[in-house]
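The opening residue of the sequence shown carries number 1 in my numbering; numbering runs sequentially from there. Everything below concerns the one structure shown next.
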Amino acid sequence: MKEYTKHLEFYQNYKHSSFSTLVPSPQWGNKQSAQKFLQKYWLPEQEYLSVWKPIQDCIFDVNVDDSKCNFQAEFELIKLEGGFLFLEEDFKQLQQAMTAIGEPHFVVIQSAQDYTQGEPMFRMKFPVAISWEELMSGNYISAVLFEMNRNEYLVFGNSGKLGKYAASDQDHPQDIIGFKPILKSVMDNCFDHQ
């Protein structure tokens with residue numbers, strides 16, 4: 001059984017599919033598109049633990065309990081308006097920054113929360129050069145990953161110098177980019193945050 005089999009089943013007939021603007025309700029549930037997407041971009045647990053988790057720990061401070069997400073102390077922050085994991089413009093800004101620093105891949109790691117018990121958590125790995133259209137090609141999987149509210153994600157690349165925390169909570173959405181100070185000029189060029 002594939003690690004993402006539960007995702008395919010759980011979300012195929014998802015009761016909240018009406019939230020999606022990407023996938024109209026009559027088109028929701030195209031398992032072939034969803035499976036193809038997950039086959040290409042799923043991050044296996046073993047690779048996550050051996051390769052990506054150590055990088056994650058260099059960016060995000062997992063030892064601090066006083067908020068949902070903390071970046072390591074040396075990171076500078078850009079706080080943006082949240083709501084989704086990515087909107088097209090947000091994604092392209094982050095993609096531009098990742099390209100500028102030579103990141104070949106980035107990962108999206110979903111954080112478990114109290115109200116997501118029983119829901120399968122996402123671990124995805126994408127090439128930095130991926131198009132927006134390709135990100136959206138997974139039918140209901142893309143819709144859940146990129147549009148569903150009340151989820152939390154960590155996004156980061158290979159270098160450990162740049163990360164994003166996205167909490168798409170309905171009431172207080174957060175979208176925080178953290179970066180090492182050496183990247184300040186790159187970030188100033190890519191993000192409008194003055």
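Built from N, CA and C at the ideal position, the CB exists for glycine as well.
Inter-residue spacing [alpha-carbon to alpha-carbon] between K2 and M187 | On the sequence shown, position 2 is the one that residue 2 refers to. On the sequence shown, position 187 is the one that residue 187 refers to. Cα to Cα, the separation comes out at about 38 Å.
In the structure shown, what three-state DSSP assignment does K132 receive?
-> The residue you call residue 132 lines up with position 132 of the sequence shown. Residue identity check: residue 132 is Trp in the sequence provided, not Lys. Helix.
So, using beta-carbon positions, are F191 and F156 closer together than 8 Å?
-> Residue 191 sits at position 191 when you count from the first residue of the sequence shown. Residue 156 sits at position 156 when you count from the first residue of the sequence shown. The Cβ atoms of F191 and F156 do not sit closer than 8 Å to each other.
Under three-state DSSP, which class holds Y41?
-> On the sequence shown, position 41 is the one that residue 41 refers to. Three-state result, Y41: helix.
Any idea what DSSP makes of I101, helix, strand or coil?
-> Position 101 of the sequence shown, counting from 1, holds the residue named residue 101. Coil, per DSSP.
Within 10 angstroms of its Cβ, does D175 collect 16 or more other Cβ (buried), or is it exposed?
-> Against the sequence shown, residue 175 aligns to sequence position 175. By the neighbour-count definition (other C-beta atoms within 10 Å, threshold 16), D175 is a buried residue.
Report the three-state DSSP secondary structure of L8 (helix, strand or coil).
-> Position 8 of the sequence shown, counted from the first residue, corresponds to residue 8. In this structure, L8 counts as helix in the three-state DSSP scheme.
In the DSSP assignment, what are the bridge partners of M124?
-> For this step, residue 124 is matched to residue 124 along the sequence shown. Here M124 is bridged, per DSSP, to W42 and V108.
Between the C-alpha atoms of L87 and E47, what's the straight-line distance to the nearest angstrom?
-> Here residue 87 refers to the residue found at position 87 when the sequence shown is read from its first residue. Here residue 47 refers to the residue found at position 47 when the sequence shown is read from its first residue. Note on geometry: alpha-carbon atoms of L87 and E47 lie some 27 Å from one another.
Kindly indicate which three-state DSSP category Q72 falls into: helix, strand or coil?
-> Locating residue 72 in the sequence shown gives position 72, where the first residue counts as 1. In the three-state scheme derived from DSSP, where H, G and I count as helix and E and B as strand, Q72 is classed as coil.
Beta carbon of F84 nearer than 8 Å to that of S25 = Here residue 84 refers to the residue found at position 84 of the sequence shown. Here residue 25 refers to the residue found at position 25 of the sequence shown. No, they are not a contact pair.
Closer than 8 Å by C-beta to L8: which residues in its own chain qualify, once you throw out the five before and the five after it? Chain order, please.
-> Here residue 8 is taken as the residue at index 8 of the sequence shown, counted from 1. Here the set comprises K31, A34, Q35, L38 and I141.
Looking at S18 and A143, is the spacing between their C-beta atoms short of 8 Å?
-> As a working mapping, residue 143 is identified with position 143 in the sequence shown. As a working mapping, residue 18 is identified with position 18 in the sequence shown. Cβ distance not < 8 Å, so A143 and S18 don't count as in contact.
Using only alpha-carbon positions, find the residue among G138, K6 and W28 that is nearest to N13.
-> Here residue 13 is taken as the residue at index 13 of the sequence shown, counted from 1. For N13, the nearest C-alpha among the options comes from W28.
Using DSSP bridges, identify the partner residues of A167.
-> By one-based count along the sequence shown, residue 167 stands at place 167. Under the DSSP definition of a beta bridge, A167 partners with E152 and Q174.
From N149 to K92, what distance separates their C-alpha atoms?
-> Taking the first residue of the sequence shown as 1, we reach residue 149 at position 149. Taking the first residue of the sequence shown as 1, we reach residue 92 at position 92. Each residue's alpha carbon lies about 20 Å from the other.
Span separating the alpha-carbon of E152 from that of K164 = Within the sequence shown, the letter at position 152 stands for residue 152. Within the sequence shown, the letter at position 164 stands for residue 164. So the alpha carbons of these two residues sit roughly 11 Å apart.
Just the Cα atoms here: how many angstroms apart are F75 and S159?
-> As a position in the sequence shown, residue 75 is number 75, starting the count at 1. As a position in the sequence shown, residue 159 is number 159, starting the count at 1. Rounded to whole angstroms, F75 to S159 spans 13 Å at the Cα level.
Should G138 be labelled buried (16 or more other beta-carbon atoms within 10 Å of its own) or exposed?
-> Taking the sequence shown and counting its residues from 1, the one referred to as residue 138 is at position 138. By the neighbour-count rule (16 or more Cβ atoms within 10 Å), G138 is buried.
Could you round the C-beta distance between P127 and P104 to whole angstroms and report it? I think they count as a contact, below 8 Å.
-> Numbered from its first residue, the sequence shown carries residue 127 at position 127. Numbered from its first residue, the sequence shown carries residue 104 at position 104. The pair is a contact, with the Cβ atoms about 7 Å apart (cut-off 8 Å).
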